[in-house]
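Reviewing the structure listed below.
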């Protein structure tokens, strides 16, 4: 029998135990430090990296590309619109997605032509869409409403399930901690926050 299985059996039968509950102050301190670090790094980075669905902007999709070079897409955008920054992603084999801040019609046309040249594709292989700030605002509102409803329903469920208010409160605090820590990690690492 493997050592891991033996260790698992000893834990299951109670022959081996670890004093996690006895060191609750240590675990609370570690949790608090992690939360403060994640929150501090999020603030230092300037908040969350919101995706185009939240902030609005222009999005180009280039299909049937031979090269999935990210730098080629970034160059195509910066040459067409001075100072514009682009987020270029390989979303599928042979398909690139390029996201920018809001562009006007002339800029959109120029970027589309540069992307055709950069990736060596025809005009029919480059599509562009615009996501307005009202769409992003609506998505943000729905996200907040969904999160609040979820947390309220889970709180009610925990209150019913645990029956004592102390256990319910501990479970709800744990839930809020996990949500806050996850959000802090997203903000601290710069992961893009999108509806999906």
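In our numbering, the protein residues as written are 6 to 201.
Ideal Cβ positions, reconstructed from N, Cα and C, are used throughout, including at glycine.
Bear in mind the structure is a predicted one, so any value in this text is a computation, not a measurement.
Assumed close pair residue i, residue j - CB separation to whole angstroms, cut-off 8 Å
i           : j           : result
residue 82  : residue 131 : Between residue 131 and residue 82 the Cβ distance is about 12 Å, and since that is not below 8 Å, they are no contact.
residue 186 : residue 37  : The pair is not a contact, with the Cβ atoms about 10 Å apart (cut-off 8 Å).
residue 2   : residue 115 : The displayed coordinates of the chain run from 6 to 201. Any statement about residue 2 would go beyond what the structure contains.
Check whether residue i and residue j have beta carbons under 8 Å apart
i           : j           : result
residue 133 : residue 63  : yes
residue 55  : residue 198 : yes
residue 104 : residue 57  : yes
residue 137 : residue 61  : yes
residue 85  : residue 119 : yes
Neighbourhood of residue i by C-beta distance below 7 Å, restricted to the same chain and skipping five residues each side
i           : result
residue 169 : none
residue 117 : 65, 131 and 133
residue 176 : 163 and 167
residue 173 : 163, 164 and 167
Residues that DSSP places opposite residue i in a beta bridge
i           : result
residue 197 : 54
residue 103 : 65 and 93
residue 150 : Paired residues: none, contrary to the question.
residue 133 : 65
Contacting residues, own chain, Cβ-Cβ under 8 Å from residue i (five flanking each side not counted)
i           : result
residue 182 : 36 and 40
residue 50  : 192, 193 and 195
residue 125 : 70, 71 and 72
message = Counting beta carbon pairs with one atom in the region 12–29 and one in the region 149–161, are three or more of them shorter than 8 Å?
response = no
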